[in-house]
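J.:
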Amino acid sequence: MLSERNGSTTNDLGPSRALLVGVELRGSHALFSAKDSLDELALLANTAGVQVVGRAVQRVARIDPATFIGSGKLEEIAETIVETGADMIIFDDELSPRHQRELEKALGEHVQVLDRSALILDIFAQHARTREGALQVELAQYEYRLPRLTRQWTHLARQAGGGAARGGAGGVGLRGPGETQLEVDRREIGRRIARLRDELESVRAHRQRHRQQRMRSGIPTVALVGYTNAGKSTLLNALSGADVYVADQLFATLDPTIRRVDLPNGRVVLVSDTVGFIQKLPVTLVAAFRATLEEVADADLLVHVVDASHERAWDHIDVVEDTLAELEATRIPKLLVLNKIDRGESCGPIDYAALGYQAMVRVSAQERVGLDALREAISNVLLVDFVMIKITIPYEKGELISAIHGRGVVLDERHTEQGVAIEAHVPHWLAGRMRQAGLL
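Residues in the sequence shown are numbered consecutively from 711, following the numbering used here.
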């Protein structure tokens, strides 16, 4: 839980008590209502270990340039803080540095002022389990905090994500003539951001090399995408027999996990589970997780997992579609998977073809229902760009036989005097290579 002002979520005195604040702009057409968005914010707060003790919503014509909400509402919130014993206020929208400063002045030093972005960053910091994930979160934290740095954030460079301390932030105390601690902190954080970007670029290059190796192997890649807590990790476990960490909470999985999955036609695919999407995802996080999200953009097939039992399932689909468009991944074939059908379906009839999906499958990953149908659908979509061949390959051209086994789906194979007679589905490019060799 959050202990440093706008910092990490630890508190020696126990769970923080938070008041949630949402704003509804008149005339706006937000995807989520203020109530539904605050419901999600409450789940985020609970995931971070924060106790929600109250809510407030204000309907306004415009955002107040100083305090985000109107002065009357601010006074009402100050009274509610006293009544509930809240020591934290969390806004459902991202606050500008000015909003944060003015709210801190108005509410006093005993109340922490946060926004949705800061809360999500804290959850990511708690859940990052690999070096790459920790670097990505730390970079996003610093980039979020730098423009908001005030005297109340002194020595932040030693604390954010633990990274600056490792990077030698002890030099923060060595100030030049007339240089304030705030200026030193800003410069130190700027240096740390540059170092983190360099480290992540190295990670990105390493990941790109791995992706290229997978592409050369000819094994198709399938990326699981979806709103956070849709059940992607549970589905990956069910399909592959893996043991990816699973929890019934938002952003339980951050670090990409890739597992081998066997399809019914004997073909093999690599399935990756990536970070879940959410409305109002901080821009700094999307940028920091670029290397991870490239797993989505480079996939041969996207499997969009939806919690069919959730009352906001349609809105979740819209958020994921918008995020895929931002990642320029709309050209990739997609399957729609309605998960958690054992809990019922709230989304109603879906014309999946009109939404650009090749097929739709209903499953319960938890109950292992519908998995064979999903494997079949994955296989069918991946075979769309394949052609059927019947060919006899001379024994001395063993590399072509290996290529068919590695890149295609072999239906029948017989050894004859002339060579290996094969009936198979193969990619167009491989069929073209055989035509050039005079075999087709």
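Note that beta-carbon positions come from the ideal geometry of N, C-alpha and C, so glycine has one too.
Anyone know if the C-beta pair for Leu1011 and Val1091 falls short of 8 Å?
T.: Counted from its first residue, the sequence shown places residue 1011 at position 301. Counted from its first residue, the sequence shown places residue 1091 at position 381. It is a contact, given that the beta carbons lie within the stated cut-off.
J.: When burial is assigned at 16 or more other CB atoms within 10 Å of the CB, is Glu853 buried or exposed?
T.: Locating residue 853 in the sequence shown gives position 143, where the first residue counts as 1. Answer is buried; the Cβ neighbour count reaches 16.
J.: Please say whether Ala1009 and Ile1042 have beta carbons closer to each other than 8 Å?
T.: Reading the sequence shown from its first residue, position 332 is the one you call residue 1042. Reading the sequence shown from its first residue, position 299 is the one you call residue 1009. Yes, the pair counts as a contact, with Cβ atoms nearer than the cut-off.
J.: Report the residue ranges of all beta strand (DSSP E) runs contained in full by the segment 1006–1061; include only those spanning at least 3 residues, in chain order.
T.: Listed in chain order, they are 1011–1017 and 1044–1049.
J.: How would you write the range of the alpha helix (DSSP H) that Lys1107 sits in, first residue to last?
T.: The residue you call residue 1107 lines up with position 397 of the sequence shown. Note, Lys1107: premise wrong, no alpha helix (DSSP H); not H, not E.
J.: For the beta strand (DSSP E) containing Glu734, name the first residue and the last one.
T.: Position 24 of the sequence shown holds residue 734. It spans Arg727 to Leu735 - the beta strand (DSSP E) in which Glu734 sits, taken as one unbroken run.
J.: Short of 8 Å in beta carbon distance, which residues of its chain neighbour Gly780, apart from the five on each side in sequence? Order them along the chain.
T.: As a position in the sequence shown, residue 780 is number 70, starting the count at 1. Excluding residues within five positions, the ones whose Cβ falls inside 8 Å are Gln768, Val770 and Asp774.
J.: Does Ser912 come out as helix, strand or coil in the three-state DSSP assignment?
T.: Counting from one through the sequence shown, the residue named residue 912 turns up at place 202. Correct three-state label for Ser912: helix.
J.: Do you know whose CA, among Ser1056, Ile1060, Leu805 and Val1047, lies nearest Val1071's CA?
T.: By 1-based counting over the sequence shown, the position of residue 1071 is 361. Considering only alpha carbons, the answer is Val1047.
J.: Roughly how many angstroms separate the alpha carbons of Ala1039 and Leu1003, rounded to a whole number?
T.: The residue labelled residue 1039 in the question sits at position 329 within the sequence shown. The residue labelled residue 1003 in the question sits at position 293 within the sequence shown. Taking the straight line from one Cα to the other gives about 10 Å.
J.: Taking the alpha carbon of Arg917 as the reference point, which residue from Pro1059, Asp1122 and Val1006 has its own alpha carbon closest?
T.: Locating residue 917 in the sequence shown gives position 207, where the first residue counts as 1. Nearest option by C-alpha distance: Val1006.
J.: Look at Arg765 and Leu730 and say whether their C-beta atoms are less than 8 Å apart.
T.: Here residue 765 corresponds to residue number 55 of the sequence shown, with the count starting at 1. Here residue 730 corresponds to residue number 20 of the sequence shown, with the count starting at 1. Cβ atoms of Arg765 and Leu730: closer than 8 Å.
J.: Applying the 10 Å Cβ sphere with the 16-neighbour rule, what's the burial state of Asp1095?
T.: Counting from one through the sequence shown, the residue named residue 1095 turns up at place 385. So Asp1095 ends up on the exposed side.
J.: Hey, how far is the Cα of Leu1081 from the Cα of His1135?
T.: The residue you call residue 1081 lines up with position 371 of the sequence shown. The residue you call residue 1135 lines up with position 425 of the sequence shown. Approximately 23 Å, taken between the alpha carbons.
J.: How big is the Cα-Cα spacing for Glu690 and Ala904?
T.: There is simply no residue 690 to check, as the chain begins at 711 and stops at 1150 in what is shown.
J.: Could you give the residue range of the beta strand (DSSP E) that holds Ala1134?
T.: Within the sequence shown, residue 1134 is the residue found at index 424, counting from 1. Its beta strand (DSSP E) spans residues Val1130 to Pro1137.
J.: With distances taken Cα to Cα, identify the nearest neighbour of Ile830 among Ala1131, Leu892, Glu750 and Gly1108.
T.: One-based indexing of the sequence shown puts residue 830 at position 120. Cα-wise, what sits closest to Ile830 is Glu750.
J.: What distance in whole Å lies between the Cβ atoms of Tyr1105 and Val1153, which are believed to be in contact at a cut-off of 8 Å?
T.: Residue 1153 is absent from the structure shown; the chain starts at 711 and stops at 1150.
J.: Based on the DSSP secondary-structure assignment, which residues constitute the bridge partners of Ile1088?
T.: One-based indexing of the sequence shown puts residue 1088 at position 378. DSSP lists no partner for Ile1088.
J.: On the three-state DSSP scale, how would you describe His1125?
T.: One-based indexing of the sequence shown puts residue 1125 at position 415. His1125: strand per DSSP, three-state reduction.
J.: How far does the alpha helix (DSSP H) with Leu831 in it reach, from first residue to last?
T.: Mapped onto the sequence shown, residue 831 falls at position 121. From DSSP, the alpha helix (DSSP H) with Leu831 extends over Arg826 to His837.
J.: With DSSP run on the structure shown, which of helix, strand or coil describes Leu805?
T.: Position 95 of the sequence shown holds residue 805. Of the three classes helix, strand and coil, the one that applies to Leu805 here is coil, per DSSP.
J.: Could you check if Gly1066 is buried or exposed, using at least 16 other CB atoms within 10 Å of its CB as the buried criterion?
T.: For the purposes of this step, residue 1066 is taken as the residue at position 356 of the sequence shown. By the 10 Å Cβ count, Gly1066 comes out exposed.
J.: Cα separation between Arg715 and Arg841?
T.: On the sequence shown, residue 715 is found 5 positions in, with the first residue counted as 1. On the sequence shown, residue 841 is found 131 positions in, with the first residue counted as 1. Only weak support is given to the placement of Arg715: the predicted model assigns it a pLDDT of 43, under 50, and the value that follows is read from those uncertain coordinates. About 26 Å.
J.: Going by the DSSP bridge assignment, what does Phe1096 pair with across the sheet?
T.: Position 386 of the sequence shown, counted from the first residue, corresponds to residue 1096. Paired residues: Pro1137.
J.: At the level of alpha carbons, what is the spacing between Pro807 and Val981?
T.: Here residue 807 corresponds to residue number 97 of the sequence shown, with the count starting at 1. Here residue 981 corresponds to residue number 271 of the sequence shown, with the count starting at 1. Roughly 41 Å separates the two Cα atoms.
J.: Residue ranges of each beta strand (DSSP E) run of no fewer than 3 residues wholly in the segment 762–809, ordered along the chain?
T.: Fully enclosed beta strand (DSSP E) runs of 3 or longer: 798–801.
J.: Are the segment 786–804 and the segment 743–759 touching by the rule of at least three beta carbon pairs closer than 8 Å?
T.: Enough Cβ pairs lie closer than 8 Å, so yes.
J.: I need the straight-line Cα distance from Arg1022 to Ala850, nearest angstrom please.
T.: For the purposes of this step, residue 1022 is taken as the residue at position 312 of the sequence shown. For the purposes of this step, residue 850 is taken as the residue at position 140 of the sequence shown. Going from the Cα of Arg1022 to the Cα of Ala850 covers about 28 Å.
J.: Determine the burial state of His739: buried for a count of at least 16 other Cβ atoms within 10 Å of its Cβ, exposed for fewer.
T.: As a first step, residue 739 is located in the sequence shown; it is residue number 29 there, counting from the start. Under this definition His739 is an exposed residue.
J.: For my contact list, Ile988 and Val1015 are in at a C-beta cut-off of 8 Å; report their separation, rounded to the angstrom.
T.: Taking the first residue of the sequence shown as 1, we reach residue 988 at position 278. Taking the first residue of the sequence shown as 1, we reach residue 1015 at position 305. With 8 Å as the limit, Ile988 and Val1015 do not qualify as a contact, their Cβ atoms being about 14 Å apart.
J.: Helix, strand or coil: which one does DSSP assign to Thr840?
T.: Counting from one through the sequence shown, the residue named residue 840 turns up at place 130. Looking at Thr840 - three-state DSSP - the assignment turns out to be coil, as it is neither helix nor strand.
J.: Do you know how far the Cα of Ile1132 is from the Cα of Leu1140?
T.: The sequence position of residue 1140 within the sequence shown is 430, counting from 1. The sequence position of residue 1132 within the sequence shown is 422, counting from 1. One C-alpha to the other measures close to 14 Å.
J.: Run through the DSSP bridge pairs and tell me what Asp983 is partnered with.
T.: Along the sequence shown, one-based indexing puts residue 983 at 273. Its beta-bridge partners are Leu934 and Thr967.
J.: What does the alpha-carbon distance come out to for the pair Glu1086 and Leu973?
T.: On the sequence shown, position 376 is the one that residue 1086 refers to. On the sequence shown, position 263 is the one that residue 973 refers to. Distance between the alpha carbons of Glu1086 and Leu973: 7 Å.
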